[in-house]
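To keep things clear, I will list the structure first and then write my remarks on it.
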Amino acid sequence: MTDKSLHDRGDAVSSDDNGPMPLPMPAQPTKKKHKKLPFESAYLANLPSAAMYERSFMHRTIVSHVLVAPETHFIITASVDGHVKFWKKMARGIEFVKHYKAHLQEIHGLAVSVDGLRLCSTSADRSIKLYDVLAFDMVNMLTVTFTPGECSWISSKGAIEPKVAVADRNSPAVKIYTTANEPVHIIGQLHAAPVTALAFNAVTNCAISADQKGIIEYWDADSYKFPTGRKVTKFRFKGETDLYELAKGKTHATAIDVSPDGKSFVATAKDKQIRVFRFDTGKMRRKYDESLAVFEDAQADDTLHLDAIDFGRRAAVERELVDSDVVSNCIFDESGYFILYATLAGIKVVNVETNKVVKVLGKVESSDRFLRLSLFQGKPKVNTQYEKHLKVASGLKHEAEVMSDSINERDSIDPTLFCTSFKRNRFFLFSSREPKDDEGEGNNAGTGRDVFNEKPTLEEAQVATESSASKMLGETAVMHTTMGDITLKLFGKECPRTVENFCTHARNGYYDDLIFHRVIKNFMVQTGDPLGDGTGGESIWGGEFEDEFHRNLRHDRPYTLSMANAGPGTNGSQFFITTVPTPWLDNKHTVFGRVEHGKDTVSSIENARVDKSDKPLTDIKIINIDIF
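Right under this line is the structure:
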């Protein structure tokens, strides 16, 4: 028995000379496949791709609205003084068409019909104006007894008598108008608070409205009730949906946009969050938080953070924006797969299907906080005779903003994003082209990407006359210092006002005997402050003047001459010379010269002993500056 038991046991243990084996490893979890959008590159090719805006155009006051009329390819802009402008999309760029002094007070709502044939504007002056887009003509003026707010056309293409829905800013009512002065219907019981956003889903013939309490409602454009009896929605009660999402978050929608296929809509909210919903189920697909707190957290990430000074400026603007009533929006592209919206760090293009940011436009435009967007895609419809008329009228052989110079250019697509900016009297065009060095010809030559299409005010004209009379730009400056001479090449053509300011100060002896008040090794040497502590100085015009950024003048090398400032448009008299490449200063400080000779002198100043405030222990002074 004993032998047998031992034998049996021996067989058991000899089955594996290495002893008992460990338990098998658990099966590896299957990797989650990343969702891909078929033909994504083709869709992206039909979206703007340039990092900087190509052109900008003016209104007399702050631009509040911008719209692209579908199919007719007109662009309509509006400003806070009640003016409306019509523009035509050309083969490349746009051309001004007509200007209306439409309202006496600020414009609250601007909407274009789904076929691009009709336009509606509402204003604080208690009037509603209707326009024929193709004829760029005002066809009706309605005087109302309430203060109209947001508006939206709620008729499909080809409607005999198109209707427009207008919200009352001071009550929950939404009033429906055609061409008569009295509304054809009043929706008074649907909302319990004033409506802040309106949109029309042409595919389902339904309108979407949202109020100040965050409630989102659907209603049929014909019956003005919740759509029933049709396969429009897949829910019976709102409790089955996420349409209370904004109300739960104690926020409200400021803008709504519907995808071209009618399957989705996106709501931009006061809390700076973008929410994408499925229309039929009312369920939320995506939510993107673009609040300031998110960007502040991102500053801790080396791959996402912005320069500290740049971020501080942007954050200050963002806080001011939060406290204002200014509206930004989010829009779909024509495929419905991408959304575009403006943030603190530029305009994001997000693939909703893959949930990824695929592009960021305008991130380098640190002086602008973009707001409202409108997108043009496809081939512009340009009348050949109209194009010929513009060519003859301009007296130019070729002007990029008016016409294409070849059949190939005329037949090519020109995706363009139009956008407004916070407290700016300009609207901006992003295309697939970066801005050129010196755009325009004839009367527009040398105007750069910012077109001055408005007449200057009397004050601006006087300043321009005085400055032009005294304008004496130098090409070279020799700075005589107590440590040696520095010869500077000046870029008067690219930065005329900055060079004029520097040269005039130099000729007037403004810089004589001023010290280098800030010297930082492996960075820069700074001077030009009559107070000697970095807080003084002004321009030759008194006060401060605007930046003059040029795409070919960068802080990409040492010995670059640049203006010191305290933020956008705050140039005075102070300037600095870099001693290393400083690319983080691009589009923040105006480059207006470079050191040609005397680099050893700059190095000697850089290596001077300094105190805790970076001021040299022994004064280093400018004796005087000669201009040639």
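For the sequence shown, UniProt numbering gives the first residue as 1, with consecutive numbering after it. A virtual CB, placed ideally from N, CA and C, is assigned to each residue, including glycine. The structure presented is a predicted model; accordingly, all values stated were derived computationally and were not measured.
Bridge partner(s) assigned by DSSP for residue i
i	result
I76	L67 and F86
Q273	D289
residue 630	Here the chain comprises residues numbered 1 to 628, so residue 630 is not present and cannot be evaluated.
residue 640	Beyond the ends of the chain as shown, which are 1 and 628, falls residue 640; an answer cannot be given.
K225	Partner(s): none; K225 has no beta bridge.
H185	I176
I486	M479
H597	T487
L340	I331 and V349
S562	F576 and V591
I413	Beta-bridge pairing links I413 to no other residue.
F265	V258 and F277
L110	S121
Helix, strand or coil at residue i according to DSSP, with G and I counted as helix
i	result
L371	strand
R319	helix
C503	helix
V602	helix
L44	helix
A477	strand
F295	helix
residue 631	Not covered by the structure: residue 631. The range shown for the chain is 1 to 628.
W541	coil
A50	coil
P583	helix
G239	helix
E434	coil
R118	strand
P568	coil
D614	coil
L95	According to the sequence as given, residue 95 is Glu; it is not Leu. If DSSP states are grouped into helix, strand and coil, E95 belongs with the strands.
I62	coil
A247	helix
A308	helix
T527	strand
R169	coil
P148	strand
R313	helix
R518	strand
Identity of the residue in the options nearest residue i by Cα
i	options	result
Y559	R372, D168, V580 and G532	V580
A202	V112, V358, P583 and H108	V112
G336	R278, A293, F576 and V294	R278
K101	T196, I623, K225 and D125	D125
T527	D333, A247, D614 and F237	D614
M483	H73, F237 and P616	P616
A45	G378, K612 and G593	G378
G593	L553, V610 and L585	L553
F376	L488, I76, I622 and S562	I76
T72	G82, G109 and L117	L117
V97	V133, G109, D115 and V80	V133
Rounded distance between the beta-carbons of residue j and residue i, thought under 8 Å
i	j	result
A165	C151	7 Å
C120	W153	7 Å
C419	R372	6 Å
A91	P380	6 Å
S155	L142	About 17 Å; that fails the 8 Å criterion.
A564	F545	Not a contact, Cβ separation roughly 13 Å.
T590	H555	About 10 Å; that fails the 8 Å criterion.
E596	V525	Actually they do not touch by this definition, with Cβ atoms about 16 Å apart.
Min CB distance residue i to chain B below 8 Å
i	result
D512	Although the question refers to chain B, the structure presented lacks it and comprises just one protein chain.
Quiz prompt | Touch test, the stretch 510-519 against the stretch 484-498, Cβ-Cβ under 8 Å, three pairs minimum | solution = no
Quiz item: Is it true that the stretch 323-337 meets the stretch 249-257, where meeting means three or more beta-carbon pairs spaced less than 8 Å apart?
Solution: yes
Exercise. Evaluate contact between the stretch 260-278 and the stretch 194-213, counting only Cβ atoms and requiring at least three cross-stretch pairs below 8 Å.
Key: yes
Practice problem: Examine the Cβ distances between the stretch 47-55 and the stretch 359-366 and report whether three or more of them are shorter than 8 Å. | Solution: yes
Practice problem: Kindly confirm or deny that the stretch 206-226 and the stretch 234-249 touch, where touching means at least three C-beta pairs closer than 8 Å. | Solution: yes
Quiz item: With contact counted as at least three CB pairs below 8 Å, one residue from each stretch, are the stretch 289-306 and the stretch 339-346 in contact?
Solution: yes
Exercise. Could you say if the stretch 287-295 and the stretch 221-241 meet the contact criterion of at least three C-beta pairs nearer than 8 Å?
Key: no
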